[in-house]
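Residues -30 to -1, 1 to 139 in mature numbering (1 follows the signal peptide of the UniProt record, and there is no 0) are what the sequence shown spells out, letter by letter.
Quick reminder that beta carbons are idealized off the backbone N, C-alpha and C, glycines included.
Note that the coordinates shown come from a computational prediction; the quantities given were computed from them, not determined experimentally.
The structure appears right after this line, and notes come after that.
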Amino acid sequence: MTTAVNRRFRRSALAGAVLATVLGGGAILAACGTGGDGGSGDRAAAGPAKLSVADPYIPLPPAGGMGAGYLTVRNDGGPDELVKVSSPEAGSVTMHRSTASTMEQVDSLDVPAHGTLRLARGGTHLMIMDWQKAPALGDELELDLTFAKSGTISVKVPVKELTYRPGQS
Ligand SMILES: [Cu+2]
C-alpha cells in the first residue's frame, strides 16, 4: 500500500497542466516501474503470480548427448521463482547461468512480477542429460517446471535444428 500512496503523492505534486498527460499514457509511469517487458508499471507488484510459458525448444543434442533447453516464462502477477525442472524423459535437468567465460549451476531463478524470465542462448539455460531415448528432430519432450508459489507447469518442448531461433519458422 505504500506504493499506491507514493504514487498518488507523486501525481498530486505534478502541475495540473501535465497531469492529464500522465494519466493518459503509461510512458512516464513506466519509467519508474518494475522494468518488466511490456508491464505498464502502474500495477502493484503484490498478488499471486500468473505464469505462462512461451517459445520452449531444445536444440537437437548431438547423438543423445547433453542438451540445452530454452524458454520464456511470462508473469502477469506477483513475483515467483523457478525452483526445479525435471523431465520424465531425462534423468537430469539443471538450471545454469552463463558468465563471461563459464557457466554455473543455480538452485533457482527469479520470475519478476509483471516481467519475464528468459532462458536463451548465451544466457540462462537448462542443461538436460541422461536421456531415456536419444531425442530426434520433431520430438516433443515434456519438461515439468516447478515454481515456488505457482506449483508445477508441464510443457511440451519441441526438438529443433541446431540453428533454430524463436520467431523463425
Ligand atoms: Cu549449462
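In whole angstroms, give me the CA-to-CA distance for residue i and residue j.
{"i": "R44", "j": "K119", "result": "14 Å"}
{"i": "G121", "j": "Q75", "result": "21 Å"}
{"i": "L111", "j": "G137", "result": "20 Å"}
{"i": "L30", "j": "P105", "result": "7 Å"}
{"i": "M73", "j": "R67", "result": "5 Å"}
{"i": "R91", "j": "I28", "result": "11 Å"}
{"i": "residue 160", "j": "T69", "result": "Examination of residue 160 is not possible in this model, given that the chain is present from -30 through 139 alone."}
{"i": "V81", "j": "L132", "result": "27 Å"}
{"i": "D109", "j": "K103", "result": "11 Å"}
{"i": "S57", "j": "S71", "result": "28 Å"}
{"i": "F117", "j": "Y40", "result": "16 Å"}
Among the options, which has the Cα closest to the Cα of residue i?
{"i": "V55", "options": "I123, T86, K130, I28", "result": "I123"}
{"i": "A33", "options": "M73, P128, F117, L107", "result": "L107"}
{"i": "T86", "options": "M65, T116, D109, P49", "result": "P49"}
{"i": "K20", "options": "Y27, A83, T42, P29", "result": "A83"}
{"i": "A16", "options": "A24, P31, D46, S22", "result": "D46"}
{"i": "V53", "options": "E110, L115, Q75", "result": "L115"}
{"i": "A38", "options": "P136, V129, G121", "result": "V129"}
{"i": "V23", "options": "L89, D77, V63, S78", "result": "L89"}
{"i": "T42", "options": "K103, D109, L96", "result": "L96"}
Residue i and residue j look like a contact to me (Cβ under 8 Å); what is the Cβ gap, rounded to whole Å?
{"i": "W101", "j": "E59", "result": "7 Å"}
{"i": "M99", "j": "G61", "result": "7 Å"}
{"i": "P18", "j": "V127", "result": "Not quite, the Cβ-Cβ distance comes to about 25 Å (not below 8 Å), so this is no contact."}
{"i": "L79", "j": "T64", "result": "With 8 Å as the limit, L79 and T64 do not qualify as a contact, their Cβ atoms being about 11 Å apart."}
Measuring only from the beta carbon, is residue i closer than 8 Å to any heavy atom that is part of ligand 2?
{"i": "Q102", "result": "Ligands in the displayed structure: ligand 1; ligand 2 is not one of them."}
Any Cβ of chain B within less than 9 Å of the Cβ of residue i?
{"i": "V125", "result": "Looking at the structure shown, chain B is missing, and only one protein chain is on hand."}
> Can you list every residue whose CB sits closer than 6 Å to some heavy atom of ligand 1, going in chain order?
Replying inline: Ordered along the chain, the selected set is H66, M73, H95, M97.
> Which parts of the stretch 11 to 46 are runs of the beta strand (DSSP E), unbroken and 3 residues or longer, counting only runs that do not cross its ends?
Replying inline: If you keep only unbroken beta strand (DSSP E) runs of at least 3 residues inside the stretch 11 to 46, you get 21 to 29, 37 to 45.
> What residue ranges within the stretch 37 to 108 form continuous beta strand (DSSP E) runs of no fewer than 3 residues, ordered along the chain?
Replying inline: The DSSP assignment places 37 to 45, 50 to 56, 60 to 68, 73 to 76, 79 to 81, 86 to 89, 95 to 101 as complete runs of the beta strand (DSSP E) inside the stretch 37 to 108, in order along the chain (cut-off: 3 residues).
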